[in-house]
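Enquirer:
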Amino acid sequence: MGVSANANTGAFLLFFIAAILLALSTTCTALNITKSLAPYSDYSTLSDLFRKTKLTDAINRRQTITILALDNSSIQSITDRSSDELRKILMNHIILDYYDRQKIQKLGKKSALLTTLYQTTGSAINQQGFVNITRIARGEVVFGSAVKGAPLVGKLLGSVISQPFNLSVLHISTPIVAPGIGDAILAPPPPPGSSKPPAAAPKKSPSSPGPSEEEEDEDEAESPSPSESPAESPKAGKAKAKSRSESPPEPDSDEDDDAEEPTSSASSRVVWLRVGVAAVIGLIASLVAF
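Numbers -30 to -1, 1 to 260, taken from mature numbering (1 follows the signal peptide of the UniProt record, and there is no 0), label the letters of the sequence shown in order.
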């Protein structure tokens, strides 16, 4: 009996200790978003809006969460919305998973759909409760509503809080308003002069001397003058030869004319020579007869 009582007592003590440790661990990992954002004055408006829309308790009940945070300047574009609309918009900035810069980098150049707190309400339709995250280039990540056709407006600007794997606060540029909830807030245009200037021409290295006058003269002497026609390429010559062989031969009228000219001139000279000889003979005959 004594051994059984001691065993029961030991089991009870172990259970009690385990319950205390579990309670302590839960207390240590419990979120307090108001306390977490308190050191960051740039997000005081966001913290106040969480409290006014009664989202603070909903956030603190979660053990793992990511907040797409808007600073005091960016969040002003939605502060004039109705309380119900503002609550829905802010719920879409609360991701029910942990995402920090390292985890986002593992996405590669891909897109992913992230579940938000608004999805848990049962009021979301057409993927209003999801956020699209897309890594479009190295170091460039954007967020937007997962509703088809919605723009990706929230550019990732940096990480505010990173407490693996409980709380991550990421700074984004523009509020995300899902279609059907309210009027979208478009990303502001880039400031003037933000486009990259054209690349400057490479400067000559001082260690590499420029071409000497003699080298320039040689280059000028070797380079063909504009009046000279370029040499015919072997391919062009072959093409011409091939075209000649394939097409029927044409009469060379120029060559025939040239060949006939010396014949006609020679015959005319013979005729005049004969006429001259006949004239001389006749003259001599007339003289003799006289």
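Positions of the beta carbon are idealized from the N, C-alpha and C atoms, including for glycine.
Drop a sphere of 10 angstroms on the beta-carbon of D41, count the other beta-carbons inside from all chains shown, and report buried for 16 or more, exposed for fewer.
Expert: It counts as buried.
Enquirer: Tell me which residue opens and which closes the beta strand (DSSP E) that S125 is part of.
Expert: Inspection of the sequence shows that residue 125 is occupied by Lys rather than by Ser. K125 -> beta strand (DSSP E) spans L122 to Q133.
Enquirer: In whole angstroms, what separates the C-alpha of L84 from that of N102?
Expert: Roughly 6 angstroms between the two C-alpha positions.
Enquirer: Specify whether the region 62 to 76 and the region 103 to 122 touch according to this definition: at least 3 beta carbon pairs, one from each stretch, less than 8 angstroms apart.
Expert: Short answer: they touch.
Enquirer: Compare the beta carbon distance of L38 and L140 with 7 angstroms and say whether it is the shorter of the two.
Expert: A contact, by the Cβ cut-off of 7 angstroms.
Enquirer: Considering just the uninterrupted stretch of the beta strand (DSSP E) at S115, what are its terminal residues?
Expert: E110 to S115 is the span of the beta strand (DSSP E), which, as asked, contains S115.
Enquirer: Do F135 and T4 come within 7 angstroms of each other at the CB atom, strictly closer than that value?
Expert: No, the Cβ-Cβ distance between T4 and F135 is not below 7 angstroms.
Enquirer: So, are the CB atoms of V130 and A157 less than 7 angstroms apart?
Expert: Not a contact, by the Cβ cut-off of 7 angstroms.
Enquirer: Mapping the DSSP letters down to three states, classify I142 as helix, strand or coil.
Expert: Strand.
Enquirer: How should R21 be labelled, buried or exposed, when 16 other C-beta atoms within 10 angstroms of its C-beta is the threshold for buried?
Expert: Exposed.
Enquirer: Quick check: the Cα distance between L87 and N2, rounded to an integer number of angstroms?
Expert: In a straight line, the C-alpha of L87 is about 16 angstroms away from that of N2.
Enquirer: What do you reckon, are the CB atoms on T23 and I45 nearer than 7 angstroms?
Expert: The answer is no: Cβ separation not under 7 angstroms.
Enquirer: Mind checking whether E55 and G150 have CB atoms under 7 angstroms apart?
Expert: No; because the gap between Cβ atoms is not below 7 angstroms, this pair is not in contact.
Enquirer: Could you pull the start and end residues of the beta strand (DSSP E) that T15 belongs to?
Expert: Run containing T15: none in the beta strand (DSSP E); it sits in the alpha helix (DSSP H), S14 to K22.
Enquirer: The alpha helix (DSSP H) with L60 in it runs from where to where?
Expert: Element bounds for L60: S53 to M61.
Enquirer: Check whether the Cβ atoms of R105 and L77 sit closer than 7 angstroms, and answer yes or no.
Expert: A contact, by the Cβ cut-off of 7 angstroms.
Enquirer: State the DSSP-derived secondary structure class of S101, mapped to helix, strand or coil.
Expert: Strictly speaking, residue 101 in this sequence is Val, with Ser absent from that position. It is a strand residue.
Enquirer: To the nearest angstrom, report how far apart G99 and I48 are at their CA atoms.
Expert: Rounded to the nearest angstrom, the two C-alpha atoms are 18 angstroms apart.
Enquirer: What does a CB cutoff of less than 6 angstroms around K79 pick up in its chain, not counting 5 residues either side in sequence?
Expert: For K79, where only same-chain residues beyond five positions count, the Cβ hits under 6 angstroms are R105.
Enquirer: For A(-1), which of helix, strand or coil comes out of DSSP?
Expert: If DSSP states are grouped into helix, strand and coil, A(-1) belongs with coil.
Enquirer: What first and last residue would you give for the alpha helix (DSSP H) that runs through I155?
Expert: Taken as a continuous stretch (DSSP letters only), I155 belongs to no alpha helix (DSSP H), as it is neither H nor E.
Enquirer: What do you get for A94, buried or exposed, if any count of 16 or more other CB atoms within 10 angstroms of its CB means buried?
Expert: That one is buried.
Enquirer: Nearest-angstrom Cα distance between S11 and S17?
Expert: If you take the alpha carbons of S11 and S17, they lie about 10 angstroms apart.
Enquirer: Starting from the Cα of G109, find the closest Cα among G92, K73, Y68 and P121 and give me that residue.
Expert: Among G92, K73, Y68 and P121, the Cα nearest to that of G109 is on K73.
Enquirer: Which of helix, strand or coil does DSSP assign to S81?
Expert: In the structure shown, S81 sits in a strand (DSSP, three-state: E or B).
Enquirer: By alpha-carbon positions, which one of A82, G119 and I251 ends up nearest to N96?
Expert: The option with the nearest alpha carbon to N96 is G119.
Enquirer: I59 and P145 look like a contact to me (Cβ under 8 angstroms); what is the Cβ gap, rounded to whole Å?
Expert: About 6 angstroms separates the two Cβ atoms, so the contact holds.
Enquirer: State the start and end residues of the unbroken alpha helix (DSSP H) segment that holds T26.
Expert: T26 to N30 is the extent of the alpha helix (DSSP H) around T26.
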